[in-house]
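J.: Protein chains in written order, with our numbering: chain A, 1 to 275; chain B, 1001 to 1146; chain C, 2001 to 2340; chain D, 3001 to 3325. Even glycine gets a Cβ: it sits at the ideal position worked out from N, Cα and C.
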Amino acid sequence: MNRDPLIPMIGVVTKIRVDTPDVKTFRVVGLDGKKPFVHIPGQCAMLSIPGVGEALFSITSSPTVEEYLEFSIKKCGCVTSWLHAMDEGQQITIRGPYGNGFPVDTDFAGKDLLFVAGGIGLAPLHSVVNYCRHYRSRYGSIDIVYGSRSKEDLVDFQEILDEWCREDGINVHLTIDRAQPEWDGHVGFVPNYVKELGFDTSKTVVMCGPPIMIKFTLAGLMELGFDKKHIYTTMELKMKCGLGKCGRCNIGSKYVCKDGPVFRFDQLDALPDEY
Amino acid sequence: MQVNGEFQPTIVAFCCNWCSYAGADLSGTNRLQYPANVKIIRIPCSCRLNPLFILRAFQRGADGVILCGCHPGDCHYTTGNYYARRRMTLLFSMLDYLGIEKERTRVEWVSAAEGGKFAATMNDFVAAVTKLGPNRRLEDLRCSKD
Amino acid sequence: MKKLPLSKIDELFKALSAGQKLYIPADDAAGQAKFTVWQEGLALSQKLNTVRSAKDLFFPQVENLVGFKVTGKQIELIESRDPAEPFVLFGVRACDARSFDILDKVFLAEPADTYYKARRENGVVVTMACTRPAETCFCTVFGIDPTEPAGDVSCWMDGESLYWQANTEKGEKLTAGLSMLEDSGEEAVRAQQEKTREILGKLPLKDLNLKGFDGEHMMELFQSPKWASLSESCLGCGTCTFVCPTCQCYDIEEFNTGSEVKRFRCWDSCMYSDFTKMSAGQPRPTQLERFRQRFMHKLVYFPTNNDGMYGCVGCGRCLQKCPISMNIAKVIKTLGEDKK
Amino acid sequence: MQQGLKEKAIQLLKDKTVDRVVGWKAGEFFYDLTPAVFHTPEEIEKDFVFSVFSGANLSKYLIAESRKGGKVAAFLKPCDTYSFQQLLKEHRILRENVYVVGVQCDGTCDIEKIKAAGCDGVTAVREEGDGLVAETLYGEHRMSKKDALLDRCAVCKSHKLVVYDELLGEQGEEQDAGRFAEVEKLERMTPEERYSFWRGELSRCIRCNACRNVCPACSCEKCIFDNPDSGARNKAAADSFEENMFHIIRAFHVASRCTDCGECSRVCPQHIPLHLLNRKFIKDIDELYGEYQAGADMDTKPPLMDFTKGDADPSVVYERGGDKA
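(1) What is the residue span of the beta strand (DSSP E) that A:Met46 lies within?
(2) Under 8 Å by Cβ, that's how I've got C:Leu2089 and C:Ala2129 pegged, so tell me the actual separation to the nearest angstrom.
(3) Note down, in chain order, all residues in the segment 3207-3224 of chain D with a beta-carbon under 8 Å from any beta-carbon belonging to chain C.
(4) Which residues share a DSSP beta bridge with C:Tyr2250?
(5) Output, in chain order, the set of chain F residues within a Cβ distance shorter than 9 Å of C:Lys2069.
(6) Quick one: Cα of D:Val3093 to Cα of A:Leu83, how far?
(7) Please classify C:Pro2245 as buried or exposed, where buried requires at least 16 other C-beta atoms within 10 Å of its C-beta.
(8) To which residues of the same chain is C:Arg2197 closer than 8 Å at the C-beta, ignoring the five residues directly before and after it?
(9) For A:Thr93, which residues does DSSP report across the bridge?
(10) In the DSSP output, which residue or residues are listed as bridge partners for A:Ser58?
(11) Rounding to the nearest angstrom, what Cα-Cα distance links C:Cys2266 and C:Asn2064 in this structure?
(12) In three-state terms, what does DSSP make of B:Leu1138?
(13) Nearest-angstrom Cα distance between D:Phe3030 and C:Leu2178?
(14) Pair every Cβ in the segment 190-201 of chain A with every Cβ in the segment 110-119 of chain A, then say whether three or more of these pairs are closer than 8 Å.
(15) Pull up the distance between the alpha-carbon of D:Asn2969 and that of C:Asp2268, whole angstroms please.
(16) Thinking just about the alpha-carbon of each residue, which of D:Leu3033, D:Val3267, D:Glu3028 is nearest to the one in D:Val3022?
(17) With distance defined between alpha-carbon atoms, name the residue in C:Ser2231, C:Val2243, C:Ser2279 nearest to A:Glu236.
(18) For D:Lys3324, which residues of its own chain have a beta-carbon under 7 Å away from its beta-carbon, when the five flanking residues on both sides are left out?
(19) Taking the CB atoms as reference points, tell me whether C:Glu2253 and C:Phe2242 lie closer together than 8 Å.
(20) Can you give me the C-alpha to C-alpha distance between A:Lys215 and C:Glu2289, rounded to a whole angstrom?
(21) CB-CB under 8 Å to C:Met2180, same chain, minus the five flanking residues each way: which ones, in chain order?
(22) What separation, rounded to the nearest whole angstrom, lies between the Cα atoms of B:Thr1078 and D:Lys3309?
(23) If you measure from the beta carbon of B:Thr1136 to each beta carbon in chain C, is any gap under 8 Å?
(24) Give me the Cβ distance between C:Ala2329 and C:Leu2210, rounded to the nearest whole Å; I'm assuming they're in contact under 8 Å.
(25) Check whether chain D comes within 8 Å of C:Trp2227, counting only Cβ atoms and requiring the distance to be less than that.
(26) Rounded to whole angstroms, how far is the Cβ of D:Ser3219 from the Cβ of D:Lys3068, which I believe are closer than 8 Å?
(27) C:Ala1975 to D:Arg3266, Cα distance in whole Å?
(28) So the candidates are A:Asp32, A:Ile59, A:Gln158, A:Pro50; which of them puts its Cα closest to the Cα of A:Pro42?
(29) Against chain B, with Cβ distances strictly below 8 Å, would C:Lys2021 count as a contact?
(30) Just tell me which of A:Met239, A:Leu114, A:Pro261 has its CA closest to the CA of A:Ile231.
(31) Quick check on the DSSP output: the alpha helix (DSSP H) that includes A:Phe263 runs from which residue to which?
(32) Give me the chain C residues within the contact set of B:Arg1060, using Cβ-Cβ distance strictly less than 7 Å, ordered along the chain.
(33) Grouping DSSP H, G and I as helix and E and B as strand, with all else coil, what is B:Tyr1034?
(34) Tell me the residue span of the beta strand (DSSP E) that contains C:Trp2156.
(35) So which residues on chain D does C:Leu2326 lean against when the C-beta distance must stay under 8 Å?
(36) Compare the C-beta of A:Asn250 with all C-beta atoms of chain C and state if any pair is closer than 8 Å.
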């Protein structure tokens, strides 16, 4: 078969983990039992169930995981609902990887990193964090600010507690929106928490979360004196092809699927705000 | 559908829950025979039948589509079948206008007591559609018929 | 250059259609010109251009990508690509010929679209010079010379003869098999070009000014308040998109036939409300944003990404077909006013 | 005529009866008029045009315009007033926010017909007596206006303005110009002939949705053909079945509400005679349920939302039809 980039390969969902009431993490391998393809942190893949639809998801697992790809997916539309309803062993289709990914080996190298995530926004950052942990010596300090609506809505909570929090040189700051009896950590919204923590402006920031969180966190970081050139985020728009051809995911002259999804805020400033 | 080289039409019968579906039931309990290629779809009232359903049935392989509802005046919801009557009249006329054989579509009023009429209607309709042959003018070539 | 008396044109068509499909512009029963597979008796349309553009032959409106058979938890891929067959596309105007270059930029960019690529490789483009441009024509604005069309072979036609000039290796190869063509001088063609160029100089839209439509002015153009009045009566239909030779956006859809799920792609339009609609939100909520996208793409985004090449060829189809007569010429003029 | 409309528009703006006017705006050529909203007398002076090319029916724009606050004036031709009244009846237009100026019309022209008559490269058209003179890049060309009329205007159903706040020109009358002749011609054909006629026409469809989007009766917030949950969404006809389905359902959804304004056929880029589908429904309704003209009044019920106990059975279709003969 003369394989077109639009033709997917068959993948098998070997493991489904329930993260939160509306987020599940899916482990995907190829029919040969191996990882479908190699990727860079921040890149995405098209998953589909024939007859239901195809959608783009960021790859949650780190490239350093050799055996499989993982996707943390929040239930919100047609495809995601179907994914949430399926059982382990289900075959799906997968194609990718798409997008530019984070400059983990170039711009990030040697830098102190600050990750800011809200809710399911942790999914794309999860891949970067674990990549940086794997090559720990290449990076400076790592700070992670992660917030969600409630304790139950914190994605990968167990991994964060068991691994991230215990590692030297990684500072994890968790917060939830409203106080809960069994929560003794910080309570409040992410943007305010970032401001309260008052980070050093030499840090490189990687942000992902709901638009409202991005907006206010960015404003807070500006107040603290950060430079937009050192703040990264990852975008999401409707996509069909993933190859920069179907024409719908553009922000100005840039295609999110090809030129993104990772953008610096100084790059976004030079583009129309149609997202 | 071809069975032993002979054409056997696929018929979709939309039956109103209150009269015709019960009528079909009665014809069954009375052991009256009608061809097995009639596929019954139960609808709450004949006026539930969206014209799209009829076209969809043809797309998905039906060679004839029949709507069975309560006799005018007997609708469980008082007036549903009156509306259905006007809609189907216009739709069938439009199909005819587009050159699609009008004998492929039909409406019959069958009450819950008319098991005999139900079987007779189906026998008659199947015979009429068999004579016409397979649906070619309103078929979707992508859909397999067998 | 070669030539052929018009009385022998059927002989040419017959030779061209031996061994491959030959498409020529022909009028259908309702008098609408479209590229049609030639067969004995089919006459060349006298119309300036086809209603649908020539892009159909390389990028059809609907095209099967792949099929899936789903059984329980298993999925099986089914090859459903239409085989690529060689064909000759005769009578393409200079504007449509340029549109192929624009489509190439999108579809042949890495990773190349293999469906499009296969058709491009299999197609030989024979162009036809214009002699009677319409008032809606403005290809010259984009540096296209309609009297000297590109393509694998260029043709000219006057009352008596067809002139034939191979431009590429593919064109030479096609020409080699055509024994009815005789050698000819270029005088008749040059004279005809001269005459046509006189008309070109009188075209009402020949002076459309594209100054300032570039990446540098992206934000300024995007934020122009004039988009509101330009787009206010837009119906949000896809006419302009679908008759456009350079519009290339597509959607990927599925159809369940009962025994298999067919995945196909079809033309899509940025004018449609569901083009960018996600379950999570809609970045282009009103017709203003959608309308702006179409023209920003052709006049700003595309040239920004492709060394200044505009995504319009001035064929004038949208000028003729828009239900409310809003079109790219009006957009260029209205937005361009600011830059005088 | 145009001067009268301009003066009226300027007066309405100046005396603050309205704060904007919906009309037709001049284009690049003499024929490519665009529906537009005018806010100032200067804009009217500069760009407002009313001519034989003011074919666009402005009534559908009033659905949105009447909800934008303030008051809007609209110029409606007789056939447009039917669409307007039908929309009023369906509670789609807020009547109190619209000032309707009715304008009499003696037919609008189809530029494509003019071009097809041999006037390619046309740069101007002027009326001379009963005829039109087209100036083209290739010389002058004469034709009768009758040959240049839009199909719908050639068989105009009514010069009556059924609703207006003010009338410019004279009130007209309903008339019978034989608009069903073409439908009858098709009815007389055999089913085979009809089938091949419609296949030929509908196979040209490019599914641009212009017919739907321009139609004053198609005013759903979300069309079933765009709605993934409807089970009927399709963006392009992947099979001839889908071409048929779209056009049957489109016509059916406006049956008994369609005023026969003819916009669908006017805008079709492929010249598919879509009005012949709508007119078939109108003709059937007239014959089976009594004469009915959508938009003619505010009181009557559309025939598909009504019934009588003695209505004909669907089997009537088998007995009718010219091919019986």
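T.: In this structure, then:
(1) For A:Met46, the uninterrupted beta strand (DSSP E) segment begins and ends at 44-49.
(2) Contact doesn't hold; Cβ gap of about 16 Å is too wide.
(3) When CB distances to chain C are screened at a threshold of 8 Å, the residues of the segment 3207-3224 of chain D falling below it are Arg3207, Cys3208, Asn3209, Ala3210, Arg3212, Asn3213, Val3214, in chain order.
(4) Answer by DSSP bridge pairing, in chain order: C:Trp2267.
(5) The structure shown contains no chain F; its protein chains are A, B, C and D.
(6) The residue you asked about is not Val; residue 3093 of chain D is Ile in the sequence shown. Rounded to the nearest angstrom, the two C-alpha atoms are 44 Å apart.
(7) Under this definition C:Pro2245 is a buried residue.
(8) Within the same chain, Cβ atoms closer than 8 Å to the Cβ of C:Arg2197 are found at Thr2147, the five residues on either side in sequence being excluded.
(9) Answer is A:Ile10, A:Ser48.
(10) The beta-bridge partner set that DSSP reports for A:Ser58 consists of A:Cys44.
(11) Distance between the alpha carbons of C:Cys2266 and C:Asn2064: 9 Å.
(12) Correct three-state label for B:Leu1138: coil.
(13) Rounded to the nearest angstrom, the two C-alpha atoms are 46 Å apart.
(14) With a cut-off of 8 Å, the segment 110-119 of chain A and the segment 190-201 of chain A count as touching, because enough Cβ pairs lie within range.
(15) In the structure as shown, chain D begins at 3001 and stops at 3325. Residue 2969 of chain D is therefore absent and cannot be evaluated.
(16) Here the closest residue by C-alpha is D:Leu3033.
(17) If we check each option's Cα against that of A:Glu236, C:Ser2279 comes out closest.
(18) The pLDDT assigned to D:Lys3324 is 44, lower than 50, so where the model puts this residue is not dependable; a value taken from the coordinates is nonetheless given after this. None.
(19) At the C-beta level, C:Glu2253 and C:Phe2242 stay beyond 8 Å of one another.
(20) For A:Lys215 and C:Glu2289, the distance between alpha carbons rounds to 21 Å.
(21) Apart from the 5 residues on each side of it in sequence, C:Met2180 sits with its Cβ closer than 8 Å to the Cβ of Leu2004, Lys2008, Glu2011, Leu2012, Ala2015 in its chain, given in chain order.
(22) B:Thr1078 and D:Lys3309 have their alpha carbons spaced roughly 12 Å apart.
(23) Residue 1136 of chain B is actually Arg in this sequence, not Thr. For B:Arg1136, the closest Cβ of chain C is not nearer than 8 Å.
(24) The pair is not a contact, with the Cβ atoms about 11 Å apart (cut-off 8 Å).
(25) Output row for C:Trp2227: interface = no.
(26) Rounded, the Cβ-Cβ distance is 16 Å, inconsistent with contact.
(27) Coverage of chain C is limited to positions 2001 through 2340, which leaves residue 1975 of chain C absent and any answer about it impossible.
(28) This sequence places Gly at residue 42 of chain A; Pro is not what is there. Checking every option, the nearest Cα to that of A:Gly42 belongs to A:Ile59.
(29) By the rule that beta-carbons nearer than 8 Å mark a contact, C:Lys2021 does not touch chain B.
(30) Looking at the Cα atoms, A:Leu114 is the closest of the given residues.
(31) A:Phe263 -> not in any alpha helix (DSSP H); beta strand (DSSP E) instead, spanning 262-264.
(32) Correct list: Gly2258.
(33) In this structure, B:Tyr1034 counts as coil in the three-state DSSP scheme.
(34) Per DSSP, C:Trp2156 belongs to the beta strand (DSSP E) from 2153-2157.
(35) One detail in the question is off: residue 2326 of chain C reads as Met in this sequence, not Leu. Under the 8 Å cutoff, chain D gives Thr3034.
(36) Yes, A:Asn250 lies at the interface with chain C (some Cβ there is under 8 Å from its Cβ).
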